[in-house]
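S.K.: Just passing along the structure, written as structure tokens.
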DNA sequence: CTCTAATCGAGACGGTACGTCGCGTCTTACG
DNA sequence: CGTAAGACGCGACGTACCGTCTCGATTAGAG
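Chains as they are written, first to last, in the working numbering: chain A, 1 to 181; chain B, 182 to 362; chain C, 363 to 543; chain D, 544 to 724.
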């Protein structure tokens, strides 16, 4: 169905871009760096992606979708603590890739993409706003705060357990959304 | 004391970079764009700044310092609502420049710079951590959440008054830092 | 074997640099002038040559080699008159290119290159020095005198036939090397 | 008469340009190099000379005039050997400056200037051409050959006495002009 | 098992922006 | 109040990447 060569090339690109984004500022990573690392031809890159940003987005998309799918149910059930915990365990189990996406120079793009996708989902669900605040504002707050704190967490090494981090996340970023009002 | 020509050139550069950062993605702004807008020679730019990022940082620094100086007293007095209000009024009174810094493509850099400076100040003050959480984590959360929400606010036009925004900011980002524990 | 695109680009560059060197002072010719004339991209130039001097040298090299190959046999056979005549006819048949190389601002570089190559050849041949003078001195004299006179000749237009010029060349520059001693 | 300060500045410039021309390629010497070396202000340079070429020309002019004045009498008296000897002794007595002018990157300009001035003198004198050859051609030959050989000589260090060099010069460059015909 | 079309590597190319350097002019702070 | 110091506009330089393109060589998967 899908040519095996294509899959192989894309996998190599994904691995390469993550490795490079993890080890230095994403803006300074060039397409040639990626292709060299992936062991593929320079022009071949553009047969798959229009640019490095799109490659990164493609790599991140799966993760973001998975993550949102994981958090939304708990969040909608007002179980912000559960959502936080699910999130932190998810991230903890994928430290290298999350580190690449959240603690490198790519963070800005990732956050933007997450806000976009979360807003789209919220719009599609047409959820009620018990807090009386615009959904896009809440999302901007939640996503920004969470990605910032996760980035901080991942930069600390393995010093703080997922459960503790989840509690912090919940207390500072998620619970305030529900409480009060 | 300082050559008048130098001041004039720097002022022109500051004005130009703000105008350009406001009207489109900062990453797509070139040094040539800035110098053209400022009416100065291309090479002259580099006699003042190593690159456009540094120019932006220089422009933002004053604002950031002023802003931190404004918020800190209220924040340290546990008056997060007062700090929020001071912040929103400050921003409201400087919409164009804040919009350029927070709602354009420059947002990532500005946030990074703010986190850096705020962390430095916190370290210098050696403030007690009543919440038991690391200062750098709190700052990452607060700065990220606040800049994200302020960016959202500035993008909405003048639809929401500063007082309302301040309440939101306080409830979602600042108050949670103090409360609980 | 050699990429056809490369050959095409180099040919275009060679044509362009000769045309420009012929019509004005070589020092005032810029790389951009050359690439514009050749119809190639500016950066492409540097994929082929480190600078305009090297391009000119490359263009001149073929000619110089051919010319040295033409003169040496007669010269070594003590037939300086024959060598002069061969030289003048050779130049006469290639007036435009020789004019570009000898009567423009490129003259200094060309002379230097000729001295270098001729010295290398002389060294390789390890020829006896019947005159008792160092080969490099003789070469400096011969090349300088000849290029100067040829430059003068080419600037006069077609007023003096090759045979006459050859006689002058022989009498002033070449014959004195052999005679006496 | 002439402001002493002006003379002092010019002398400093002359000294500086000669020193720099001697120690490296003249084309790579910048005006800032010269002024730094001379210990004068950058802008001051342009109050005295339009550019570094003109400074060099000014410095060389005196020498060239002196030299031509020295050689001409002997040359016009058909005493080419005497002219050669006068020349070589003159140069030998001023090795550093001559080296700077003849063996550095300035050689091309100096030769051009010498040809120009010698041609002007020849034209002014309206001397008969016993050889039947155009004066400008002879001058081109003589000046080029001589400067080339002197450059070679100066580069050898002090290995060859002026008298020997003069004999070579006479035999290869000057005598052939007179002899034959 | 073959053949045919898609995919690949390699890398030349036209561009755009960069940051540097030197020039020659013009202003300005300072002695 | 003149002058050195140096900021400035200008323009060429050489570099780095981008995204497009043309080559053959290889290889997958349909017939």
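Even for Gly, the Cβ is constructed at its ideal location relative to N, Cα and C.
Tell me which same chain residues have a C-beta within less than 7 Å of the C-beta of residue 142/A, skipping the five on either side of it?
M.R.: 173, 174 and 177
S.K.: For residue 94/A, I'd like the list of residues in its chain whose CB is within less than 8 Å of its CB, leaving aside the five on either flank, ordered along the chain.
M.R.: 63
S.K.: Looking at the C-beta of residue 121/A, does it have a partner C-beta in chain B at a distance below 8 Å?
M.R.: no
S.K.: So is residue 136/A in contact with chain B if we call contact Cβ pairs under 8 Å?
M.R.: yes
S.K.: Identify the contact partners of residue 162/A in chain B, using a Cβ-Cβ distance below 9 Å as the criterion.
M.R.: Per Cβ cutoff of 9 Å: no residues; residue 162/A is ~15 Å from chain B at best.
S.K.: Consider the Cβ of residue 495/D: report whether some Cβ of chain C lies at a distance smaller than 8 Å.
M.R.: Residue 495/D cannot be examined here, being either before or after the span of chain D that is shown, 544 to 724.
S.K.: Taking a contact to mean a Cβ-Cβ separation below 8 Å, would you say residue 150/A touches residue 102/A in this structure?
M.R.: yes
S.K.: Residues of chain B with a CB under 8 Å from the CB of residue 177/A: which are they?
M.R.: Ordered by position in chain B, the residues that pass the 8 Å Cβ test against residue 177/A are 353.
S.K.: I'd like to know whether the C-beta of residue 528/C is nearer than 8 Å to at least one C-beta of chain D.
M.R.: The Cβ of residue 528/C sits no closer than 8 Å to any Cβ of chain D.
S.K.: Under the assumption that residue 502/C contacts residue 484/C (Cβ atoms under 8 Å), give the Cβ distance between them as a whole number of angstroms.
M.R.: Actually they are not in contact, since the Cβ atoms of residue 502/C and residue 484/C sit about 11 Å apart, beyond 8 Å.
S.K.: With the cut-off set at 8 Å, would you say residue 118/A and residue 68/A are in Cβ contact?
M.R.: yes
S.K.: The alpha helix (DSSP H) with residue 507/C in it runs from where to where?
M.R.: Going by DSSP, residue 507/C is part of the alpha helix (DSSP H) stretching over 497-517.
S.K.: Measuring only the C-alpha atoms, how far is residue 567/D from residue 106/A?
M.R.: 49 Å
S.K.: For residue 154/A, which residues from the same chain have a beta carbon less than 8 Å from its beta carbon, with the 5 sequence-adjacent residues on both sides left out?
M.R.: 91, 95, 98, 99, 102 and 103
S.K.: Hey, does residue 614/D have any beta-carbon neighbour from chain C nearer than 8 Å?
M.R.: no
S.K.: Short of 6 Å in beta carbon distance, which residues of its chain neighbour residue 45/A, apart from the five on each side in sequence? Order them along the chain.
M.R.: 31 and 35.
S.K.: Rounding to the nearest angstrom, what Cα-Cα distance links residue 263/B and residue 199/B in this structure?
M.R.: 29 Å
S.K.: Can you grab the Cα-Cα spacing for the pair residue 405/C / residue 41/A, in whole Å?
M.R.: Those two C-alpha atoms are separated by around 22 Å.
S.K.: Is the distance from the Cβ of residue 529/C to the Cβ of residue 451/C below 8 Å?
M.R.: no
S.K.: Hey, residue 125/A and residue 146/A: beta-carbon distance below 8 Å or not?
M.R.: no
S.K.: Identify whether residue 93/A lies in helix, strand or coil by the three-state DSSP scheme.
M.R.: helix
S.K.: Is there at least one Cβ from chain D nearer than 8 Å to residue 390/C's Cβ?
M.R.: No, its Cβ sits nowhere closer than 8 Å to a Cβ of chain D.
S.K.: Would you mind stating whether residue 372/C and residue 415/C have Cβ atoms separated by less than 8 Å?
M.R.: No, they are not a contact pair.
S.K.: Between residue 511/C and chain D, is any beta-carbon pair separated by less than 8 Å?
M.R.: True, the Cβ-Cβ gap to chain D drops below 8 Å.
S.K.: Is the beta carbon of residue 514/C closer than 8 Å to that of residue 680/D?
M.R.: yes
S.K.: From this set, 440/C, 400/C, 420/C and 409/C, which residue's C-alpha is nearest residue 476/C's C-alpha?
M.R.: Measuring from the Cα of residue 476/C, the nearest candidate turns out to be 420/C.
S.K.: If you reduce the DSSP assignment to three classes, tell me which class residue 586/D lands in.
M.R.: The answer is helix: DSSP assigns residue 586/D an H, G or I state.
S.K.: For residue 473/C, is the classification buried or exposed, using 16 other Cβ atoms within 10 angstroms of its Cβ as the cut-off for buried?
M.R.: buried
S.K.: Between residue 38/A and residue 13/A, what straight-line distance do the alpha-carbon atoms span, to the nearest angstrom?
M.R.: C-alpha separation (whole angstroms): 5 Å.
S.K.: Is residue 322/B close to chain A? Criterion is C-beta to C-beta, closer than 8 Å.
M.R.: Any Cβ of chain A closer than 8 Å to the Cβ of residue 322/B would place that residue at the interface, and such an atom is present.
S.K.: If we ignore side chains and look at the alpha-carbon of each, how far apart do residue 156/A and residue 165/A end up?
M.R.: 12 Å
S.K.: What number of angstroms, rounded off, separates the C-alpha of residue 413/C from the C-alpha of residue 120/A?
M.R.: 55 Å
S.K.: How many angstroms separate the CA atom of residue 364/C from the CA atom of residue 409/C?
M.R.: 15 Å
S.K.: For a test of the three-state rule: what should DSSP assign to residue 568/D, helix, strand or coil?
M.R.: coil
S.K.: Could you give the first and the last residue of the continuous alpha helix (DSSP H) run that contains residue 244/B?
M.R.: 233-257
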